[in-house]
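Please read the structure below before turning to the comments.
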Amino acid sequence: MKYLKGITPLLFSIFALNCNSAKEKTSKLGSLQSETVINNCSTYPAAVNSDLLRKAYDSARWTLFIWHCDWPYRPYKDSSFKLIKTFGQLPLNFDSLTRKHDTVEFYFRFNDLGTPIWAFDLKDHLALMNGVAFDLRTGEKLYLISTANYTVNERGPRSRFEYLLQPKVIKYIDSNWAALDPCFRLLAEKLYKR
Numbered sequence: 037m038k039y040l041k042g043i044t045p046l047l048f049s050i051f052a053l054n055c056n057s058a059k060e061k062t063s064k065l066g067s068l069q070s071e072t073v074i075n076n077c078s079t080y081p082a083a084v085n086s087d088l089l090r091k092a093y094d095s096a097r098w099t100l101f102i103w104h105c106d107w108p109y110r111p112y113k114d115s116s117f118k119l120i121k122t123f124g125q126l127p128l129n130f131d132s133l134t135r136k137h138d139t140v141e142f143y144f145r146f147n148d149l150g151t152p153i154w155a156f157d158l159k160d161h162l163a164l165m166n167g168v169a170f171d172l173r174t175g176e177k178l179y180l181i182s183t184a185n186y187t188v189n190e191r192g193p194r195s196r197f198e199y200l201l202q203p204k205v206i207k208y209i210d211s212n213w214a215a216l217d218p219c220f221r222l223l224a225e226k227l228y229k230r
């Protein structure tokens, strides 16, 4: 019995040390994952090589995330609608940029498990916007570009193009915060100041 009394504190100490060690490893892993997300989301493509272009690049990503965030993602490959996702939960990857005189167009693609999503991949045949154009002289956002190569520059108080943070968008961001794509969340922290 005396033997057990002496071992009990020792076993408890070993157990406590192991738990703390596991917590530290988990904390370090979470920290590394956060750093990786920040690095991946904050690294600019080589073509985005000036402060003006970086600002426009971030604005383009933010605009495309906001435009599509609460749209349901229903791919043809999911015949029973088991996947319940929205575009705000999907990664948005840079594709290219084009300069035309004083205008720069940034092109991106939403991705599902590393595969670019095209409008014809969707059951709903949504008109996905995949580009945003800016005036290089003023930094003004000019228009959105669809995957079908038409443009949108919708104006007015209910326009997500002109006024990104519509009440419906704010509600979506706040109620889906944990499920948002990490880059969307990072942009929201930076631009929405959640």
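Numbered per our numbering, the sequence shown spans residues 37 to 230.
Every residue gets a Cβ at the ideal spot worked out from N, C-alpha and C, and that includes glycine.
Just so you know, these numbers come straight off a predicted model, no measurement behind them.
Simplified DSSP assignment, three categories, for residue i
i	result
K136	strand
N212	coil
K113	coil
S95	helix
E190	coil
S182	strand
Residue(s) in a DSSP beta bridge with residue i
i	result
K204	Answer is none; K204 lacks a bridge partner.
F101	DSSP output for F101 lists no bridge partner at all.
F130	F144
K121	Y109
K226	Beta-bridge pairing links K226 to no other residue.
Integer Cβ distance of residue i from residue j, believed to fall under 8 angstroms
i	j	result
F146	L128	5 angstroms
I181	E141	6 angstroms
A217	D171	The sequence given here has Asp at residue 217, not Ala. Not quite, the Cβ-Cβ distance comes to about 28 angstroms (not below 8 angstroms), so this is no contact.
> What are the uninterrupted segments assigned as beta strand (DSSP E) that are 3 or more residues long and contained completely in the stretch 143 to 174, given in chain order?
Replying inline: Fully enclosed beta strand (DSSP E) runs of no fewer than 3 residues occupy 165 to 171 of the stretch 143 to 174, in order along the chain.
> Hey, is the stretch 77 to 96 in contact with the stretch 157 to 171, meaning 3+ C-beta pairs nearer than 8 angstroms?
Replying inline: yes
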